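Below: the structure, in structure tokens.
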Amino acid sequence: MIGDLSGLVGEFAIQISQMLLVLLLAPLLTGFVRKVKARLLRRRGPPLLQPYWDLAKLARKEAIVAESASWLFRGIPYLVFAMTWVAAALVPTFGTGLLFSWSADLIAIIALLGGARFFLALAGMDVGTSFGGLGSSREMMFATLAEPALIMIVFTLALIAGSTQLSTVAEFMLSPDVGLRISLALALVALVIVALAENARIPVDNPATHLELTMVHEAMVLEYSGRHLAMIDLSAQIKLLLYVSLIACVFAPFGLAPVAASFSAHMFGVVAYVGKLAFAGLMLALFETSVAKMRVFRVPDFIGVALMLGLLATLLRFMSRGF
Amino acid sequence: MPTLSEIRDPFPEMDCRPWPRRLIAAPAWRALVEKLAAGELSLLGLWGEAACVHMAVLEPSPYSVVVASLAAEDGGFPSVGRRHPPAIRLERAIHDLFGLRAVDALDDRPWLDHGRWPVRAPLGAKIPALASPPAYAFLPSVGQGLSQIPVGPVHAGIIEPGHFRFTTGGETLVRLEARLGYTHKGVEGLMAGATLDHAAKLAARCSGDSTVAYSLAFAQAVEAAQGLAPPPRAVWIRALMAELERIANHLGDFGAICNDAAFALMLAHCSVLREHVLRACASCFGHRLMMDAIVPGGVRVDGAEHAEIILRGLVATIRLALPQLAALYDNTASLQDRTVGAGILKPELARRFACGGFVGRASGRSFDARRDLAYAPYDKLSFDVPVLQEGDVNARVWIRIREIEQSLCLIDQILTETPSGDSYAETATPQAGEGLAIVEGFRGDILVWTRVGSDGAVERCHLRDPSWFQWPLLEAVVEGNIVADFPLCNKSFNCSYSGHDL
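Chains as they are written, first to last, in my numbering: chain A, 1 to 323; chain B, 1001 to 1502.
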């Protein structure tokens, strides 16, 4: 069984191990980015495993719920977590032979993430405090541009690889047919911008700020505490991992174990994946240290660039097969 | 309109040094207020006593200070704030502390008294507090689609408490109203009857980041009241400490402003430099913030043995690092995009409110107590007072950078020229009297007025923080900005809560 990872059972095993891997690694990636940022600022920084301890602490703590909150507010953290986790399960991390991959594609990932955002924004407004509304309105303002940008990127990939299914896209990217394409470069830049915006990173949002008035994502979830907050935080960490995985899977698919590959190929895939995560974490920390946050009204311009790049990439594909 | 000498000369001069205080009558008071409203004079302070109010005004070219007092009739005095808005909050504070009403005031809401004290007018009539004080009425904003955001007094970060009431139309700020007074400690009440030693400690704790400036202002006021001159060496060491404090705070602000734009790199660099300053202060003067080092009569610490070597090394370190940080600030486009053009304070407002420090100087108000009301040893030192006209966050950052450079030059001069000798002189026979001192702290000019009794205890002492004239301007500055830019504007002002609430 172990030597042979083909067939339904093998794919199921890969799917389950990938889901667990994503869940396990997500806090570590966040911890790693924080650590690198701290080192860049000549600080010692929190331990690498701090996000795990934080989640454990939050899970044990009492959850204080605002009097004005409805059942939606209490249910949404779990819903958001489930949707984000399922979305992350659809992105090949170390192997392409994912069971779920045949039933859901990139469009489904966007839909899941969009749905999670919708519910989170709803929860922000549900409590009726001014910060929740402020955060939700800002989040939605950014999302109206980030989501179409993401869809444009998906169109580009689909036109190149001939499929919206990530496993197929990754295998196509691994094949020599890819070559150098301008549209791919445009899509990569656009995807990185969208990833920064969607994960509430600098220059769009500051994940480390204590200034309520400048928050976007944090303002939206300001009323959450205890196990609810643990779910929200874990979802955010998984989302960051998801985007890194997505970029790695499409633009740096080396090391990905193909369908029905051997166990050792899969192990190599895991090692390569962790390497990619570390590189992405390092780049993210470097970038976040070197720029300041944008003015809130400047952000649509920034994400608009992603939308335009995505559009351009798609158009280029229509004009010429060569791009 | 009568001239200033017509307003004050016929009236009896009280024994207040170095600027005499005159007991004037109500018509002269009103004439003075008209001159303030016309912009011929600027308000330095307005404070109360059990049965009278005092006003200090600044006369320009050449700068001189006029202090006037008016006996309160029927517990009231003609409002200054009605014609000159900077006085409004000072009047509200006088009413809360002394129970003296500003007649025809525009705003008669309480300011420092939040209805939680056991008595009203604790320094005046001591009336028992109301059983259920009325809720504080924030100024209304009427319009379609406006919403309110209440922030504070407890904030998410480790900062002082203050309440901010924002009215917004979407992301755009329509009105900001601050409510302060949460850190009221009753300093003026504690000062009454305190011994000089104790009073000096109280003064040093008005606002922890300006402890040197407050101690210096208090010591100068007491020395003026008692007709003492501190030993020459003490005067120079005081200036040394004041400049070190200014550098440490400006460095801290520089980093913190950038950090509010999520540029943590600058905060990291500036924190390292600020730490160098604080450690140098600790090894030279025995305390990182140099608290309680300055007392009436001189300084308590003369400076450690190797102080000069340590401080020259410090100056060299900052001189090396500061241009690089300024270049980093100037070359980071994303940071410039946030600070340039954000939170513009118009020069006419800065002039009208006579706001000091970097806030005033970034908006074209060229006033520095060290130069314009020169006290020793600044009269013997050469330095520039940087002034900019833009009035935005960027200008306030640059004023700080330029002031650090000037302070470094001053430290160089002080280290070279400090005379030897005693640094503390015991008061032989305590003398009664009144003294007024205006000292340039890092935020701006701090005013201290005190009356010392013949037993050597403080009878009455008023300390006016520069923030009194800066907080109201912050509300004006954010108008038309977006909500998310308020923290940046606020940090560039960096007003004191503690010094203001007293």
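Here a beta-carbon is modelled for each residue, glycine too, at the ideal position from N, C-alpha and C.
This structure is a prediction, so every number in the text was calculated from the model and none was measured.
When the alpha-carbon of A:Pro27 is set against those of A:Gly45, A:Asp54, A:Ile109, A:Ala38, the nearest one is in A:Asp54. When the alpha-carbon of B:Gln1148 is set against those of B:Ala1037, B:Gly1170, B:Ala1199, B:Trp1029, the nearest one is in B:Gly1170.
If you ignore the 5 residues before and after A:Ala306, its C-beta comes within less than 6 Å of the C-beta of Ala149, Ala190, Ile193, Val194, all in its own chain and listed in chain order. A direct Cα-to-Cα measurement between A:Ala236 and A:Val36 gives close to 19 Å. Proximity of chain A to B:Val1151 at the Cβ level (cut-off 8 Å) is accounted for by Glu212, Leu213, in chain order. DSSP, read as helix, strand or coil, puts B:Phe1164 in strand.
In terms of beta-carbon proximity, B:Val1483 lines the interface with chain A, with at least one pair separated by less than 8 Å.
A:Thr144 carries a helical assignment under DSSP once its states are collapsed to helix, strand and coil.
Of the candidates B:Ala1262, B:Val1154, B:Leu1097, B:Ala1262 places its Cα closest to the Cα of A:Asn206. In the pairwise beta carbon analysis, the segment 1337-1352 of chain B is classified as touching the segment 1476-1488 of chain B: at least three pairs are separated by under 8 Å. Distance between A:Ile182 and A:Met319, taken at the CA atoms: about 12 Å.
Identification of residues in the segment 294-320 of chain A having a C-beta nearer than 8 Å to some C-beta of chain B yields Met294, Arg295, Val296, Phe297, Arg298, given in sequence order. Contact check between the segment 1029-1047 of chain B and the segment 1082-1091 of chain B: three or more CB pairs, one atom from each, fall below 8 Å, which counts as touching.
Under the three-state reduction of DSSP, B:Val1478 is assigned to coil, being neither helix nor strand. The Cβ of A:Arg43 sits closer than 8 Å to at least one Cβ of chain B.
Contact of B:Leu1265 with chain A by beta-carbon distance below 8 Å involves Leu40, Leu41, Thr289, Ser290.
If one requires a minimum length of 3 residues, the beta strand (DSSP E) runs lying completely within the segment 1055-1134 of chain B are 1064-1071, 1076-1078, 1101-1103, in chain order. In the three-state reduction of the DSSP assignment, A:Tyr224 falls in the coil class, being assigned neither a helical nor a strand state.
Below 8 Å, too few C-beta pairs join the segment 36-50 of chain A and the segment 93-102 of chain A to call them touching: fewer than three. Within the segment 1357-1423 of chain B, not a single complete beta strand (DSSP E) segment reaches 3 residues in length.
Around A:Leu134, the beta-carbon contacts reaching into chain B at under 8 Å are Ile1149, Val1483. Taking the Cβ atoms as the reference, A:Leu72 lies roughly 6 Å from A:Ala123, within the contact range of under 8 Å.
For B:Asp1337, the closest Cβ of chain A is nearer than 8 Å. Shown in chain order are the members of the segment 190-208 of chain A whose Cβ falls below 7 Å from a Cβ of chain B: Ile202, Pro203, Asn206.
DSSP places A:Leu277 within a helical segment (H, G or I) once states are collapsed to three. Annotation for B:Asp1384: Gln1406 place their beta carbon closer than 7 Å to its own, counting only its chain and skipping 5 residues before and after. Beta-bridge partners of B:Ile1438 (DSSP): B:Leu1447. Beta-bridge partners of B:Trp1047 (DSSP): B:His1054. Between the segment 1293-1310 of chain B and the segment 1264-1271 of chain B there are fewer than three C-beta pairs closer than 8 Å, too few to call the two in contact. When 8 Å is used as the limit between beta carbons, A:Ser130 is near these residues of chain B: Ser1147, Gln1148, Ile1149, Pro1150, in chain order. Cβ-Cβ distances below 7 Å link B:Thr1332 to Phe1263 in the same chain, with the five nearest sequence neighbours on each side left out; the list follows chain order. Close partners of B:Phe1486 in chain A (Cβ separation under 7 Å): Leu213. Residue environment for B:Glu1348: exposed (fewer than 16 other C-beta atoms within 10 angstroms of its C-beta). Rounded to whole angstroms, B:Pro1122 and B:Leu1097 show a C-alpha spacing of 6 Å.
Taking each of B:His1084, B:Ala1071, B:Ser1492, B:Arg1312 in turn and checking the Cα distance to B:Val1057, the smallest one comes out for B:His1084. Our two residues, B:Met1014 and B:Ala1199, have alpha carbons roughly 23 Å apart in a direct line.
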